[in-house]
Amino acid sequence: KSKKLRRQEFDNLSAPTMSSGAPRGNGQTVRLPRGASLSDFADRINANPGSLVQEMFTLGEMVTATQSCTDETLLLLGEHLGFDVQIVSPEDEDKELLARFNIDLDAEVDEETLVSRPPVVTVMGHVDHGKTKLLDAIRKTDQVAREAGGITQHIGAYQVHVEHEGEPRAITFIDTPGHEAFTAMRARGAQATDIVVLVVAADDGVMPQTVEALNHAKAADVPIVVAVNKIDKPEANPDKVRQQLTEYGLVAEEYGGDTMFVNVAAKPGIGIEDLLEGILLTADASLDLRAPIDGHAQGIAIEAHLDKGRGPVATVLVQKGMLRVGDSIVAGNAYGRVRAMLDENLTQVSEAGPARPVAVLGLTAVPGAGDTFLAADDDRTVRQIAEQRQARRRAAEQATMRGRATLETLLEKIKEGERTSLDLIIKGDVSGSVEALEDALVKLPIPEELQLRIIHRGVGAITENDVNLASASADATAIIIGFNVRPMQQARELADRNGVEIRYYTVIYQAIEEIEAALKGMLKPVYEEVELGTAEVREVFRSSKVGLIAGCIVRSGLIRRNAKARVIRDGAVVAESATVTSLKRFKDDATEVREGFECGLTLGGFGGLQVDDVIETYEMREKPRV
Ligand code: GDP
């Protein structure tokens, strides 16, 4: 509302003096990338950048020609000049970028080149319902790994091989349980998952995160197979789970629906093969799992980290084409040539086709989880794509930073001093968890007067740099969240010296819960008891009108009308939250009576006053928030 007002004021003000020479549009469309500058805008409409600077000035904002603008600024200026500004989303923009290199990710592929590929599965469900155990149990069933004597390592995803209806089949599992990672990937437009396995513990039934996971799967339009887990437990009630889930539209086949429910017990390893079969049956019934196996590989980075010896290691899931050692690839902002590829048994592989997860060595930087990757003709192409993406990200970041700053100043003007902000720095062991955490935190319901800012995030140990950044944060010192990482010694010392709090977590869910609680705590007023004074009861009268009246002498501090009171008799508290309902000095009403003076009072909430009782009065005062 305030912006409209401001605009009108400025329109009125500036109308007679307008002479910037900026062209007026007639509703023409101007496409601008997020974070574009006035120069970029001027380019598109054949204007002098200076004229747009001047226009912005008359609109009440100082913006330089090359500075990256917020969406709001671009839209405001567009509207003002009569252009229909369309801010191009990062995804569209990336498509345009790739098009310049003759790459079209959505290009139609020839039916004949398609081969069937394994389904990709994500395991979701409520905390403690057995997602991790289930992924472990499935991993152990793999014949191929067993024969090779290999032990499956955690690289972010793995494949198992089973015989299904006489055919050898494979299934790929994303090895990060939970819907945070799933949602984070989807938020970046990447869909890695074909099927969701929803784990529900048969002794606990449908829980809040079960429903959340289910909703995420539905939103992504991904079929669900329900693994009813922990059926080995005596209190397990797998039928109740089926019953409960019908309310959410998941009707078991045996009840006439079309969702597969499989009873399993991940810990003792019961029913795992049935579950794998259920996944394949569901895949075959409802999905067309085919992909081209020729051509440059395309896919998605699932997890990435910086390895001390090997440099950046990114686990990628190939979705189309064939990835080979020696290929030039770009994943998000990172590029490089594939030096080596490892499978989940840490065996070197030379090529990986659709639905095959492999850890790739040879990138120049650590990509983000959910970043798309693709192989291209040569090193130059991938480097240029990466560099252009980097430049774009920098511009977009600058725009958001500026956006925050102006939003803040605005709000500060509105309600001065009333805002509190919680600044966070997130460091984690892998980019997937950092992003999942950030994503979940940003989505927390936060009251208006509060702001949660993630001022930095990254992969790796907590460094002195992080601590410095935390103590340099604008309004308050930032808190550093270490997810599966610890600070280096010097960083720890620096944090101690500067009073920077570092909190460690190994479970995303817990981190989110605690931060949410902290946010609420920042708002809830904290009261503390402040003692006002004490009085001793000398006489007690009974009045037909007001009940018991106590004649007292104030022994310390003061007694105030309406103050809270407790009654102490022989050193023990006999009444807790009474109230001084009336207070008199001789015949007159008094608001307070000081130490050494006599007074008469009545207590609300306690009717049994006796001579020699001590009345202690106190107030609850709001403690200033720190
Ligand atoms: P997550 O939070 O969903 O990943 O759950 P976990 O896999 O960590 O399992 C939570 C707890 O349930 C652990 O103590 C497991 O040992 C236990 N658990 C998991 N599956 C089973 C099962 O099939 N039977 C029994 N009795 N316990 C299980």
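Take 372 as the starting number for the sequence shown in our numbering and just add one per residue. A virtual CB, placed ideally from N, CA and C, is assigned to each residue, including glycine.
Assuming residue i and residue j are in contact, meaning their beta carbons sit under 8 Å apart, how far apart are those beta carbons, in whole angstroms?
i: residue 570; j: residue 598; result: 5 Å
i: residue 972; j: residue 953; result: 6 Å
i: residue 694; j: residue 709; result: 7 Å
i: residue 882; j: residue 873; result: Incorrect: roughly 13 Å between the Cβ atoms, too far for contact.
i: residue 850; j: residue 825; result: The pair is not a contact, with the Cβ atoms about 11 Å apart (cut-off 8 Å).
i: residue 939; j: residue 911; result: Contact doesn't hold; Cβ gap of about 16 Å is too wide.
i: residue 416; j: residue 401; result: 6 Å
i: residue 934; j: residue 988; result: 4 Å
i: residue 766; j: residue 410; result: Going by Cβ atoms, the distance from residue 766 to residue 410 rounds to 12 Å, so no, they are not a contact pair.
i: residue 669; j: residue 745; result: 5 Å
i: residue 799; j: residue 856; result: 6 Å
i: residue 492; j: residue 650; result: 6 Å
i: residue 405; j: residue 494; result: Residue 405 to residue 494, Cβ: 34 Å. No contact.
i: residue 565; j: residue 533; result: Their Cβ separation, rounded to whole angstroms, is 16 Å, which puts residue 565 and residue 533 out of contact at 8 Å.
i: residue 699; j: residue 749; result: 6 Å
i: residue 728; j: residue 527; result: 7 Å
i: residue 664; j: residue 692; result: 7 Å
Measuring only from the beta carbon, is residue i closer than 8 Å to any heavy atom that is part of ligand 1?
i: residue 634; result: no
i: residue 569; result: no
i: residue 645; result: no
i: residue 501; result: yes
i: residue 882; result: no
i: residue 505; result: yes
i: residue 498; result: yes
i: residue 604; result: yes
i: residue 466; result: no
i: residue 639; result: yes
i: residue 572; result: yes
i: residue 601; result: yes
Going by alpha carbons, who is nearest to residue i out of the options?
i: residue 672; options: 703, 393, 699; result: 703
i: residue 795; options: 742, 753, 854; result: 854
i: residue 714; options: 730, 726, 505; result: 730
i: residue 739; options: 809, 722, 718; result: 809
i: residue 804; options: 879, 568, 870, 637; result: 879
i: residue 646; options: 655, 509, 428; result: 509
i: residue 422; options: 452, 404, 764; result: 452
i: residue 662; options: 886, 690, 733, 957; result: 690
i: residue 904; options: 885, 929, 915; result: 929
i: residue 885; options: 920, 815, 915; result: 815
i: residue 456; options: 463, 465, 495, 446; result: 446
i: residue 605; options: 623, 636, 473; result: 636
i: residue 573; options: 608, 554, 583; result: 608
i: residue 529; options: 736, 513, 956, 592; result: 513
i: residue 602; options: 505, 956, 489; result: 505
i: residue 742; options: 757, 748, 590, 698; result: 757
i: residue 679; options: 496, 832, 970; result: 832
i: residue 722; options: 908, 737, 696, 888; result: 696
i: residue 918; options: 871, 937, 959, 976; result: 976
i: residue 963; options: 700, 948, 925, 500; result: 925
i: residue 900; options: 947, 705, 920, 860; result: 947
i: residue 735; options: 759, 619, 706; result: 706
i: residue 992; options: 906, 898, 983; result: 898
i: residue 449; options: 477, 413, 478; result: 413
i: residue 590; options: 554, 625, 618; result: 554
i: residue 340; options: 489, 793, 466; result: With the chain covering only 372 through 997, there is no way to say anything about residue 340.
Per the DSSP calculation, residue i is bridged to which residue(s)?
i: residue 970; result: 923
i: residue 827; result: 796
i: residue 935; result: 950, 989
i: residue 899; result: 992
i: residue 868; result: Answer is none; residue 868 lacks a bridge partner.
i: residue 719; result: 713
i: residue 496; result: 570
i: residue 959; result: 956
i: residue 708; result: 699
i: residue 545; result: 493, 528
i: residue 632; result: 597
i: residue 587; result: Answer is none; residue 587 lacks a bridge partner.
i: residue 487; result: 661
i: residue 911; result: 921
Could you confirm whether any beta carbon from chain D is found closer than 9 Å to the beta carbon of residue i?
i: residue 904; result: Looking for chain D here will not work: only one protein chain is present.
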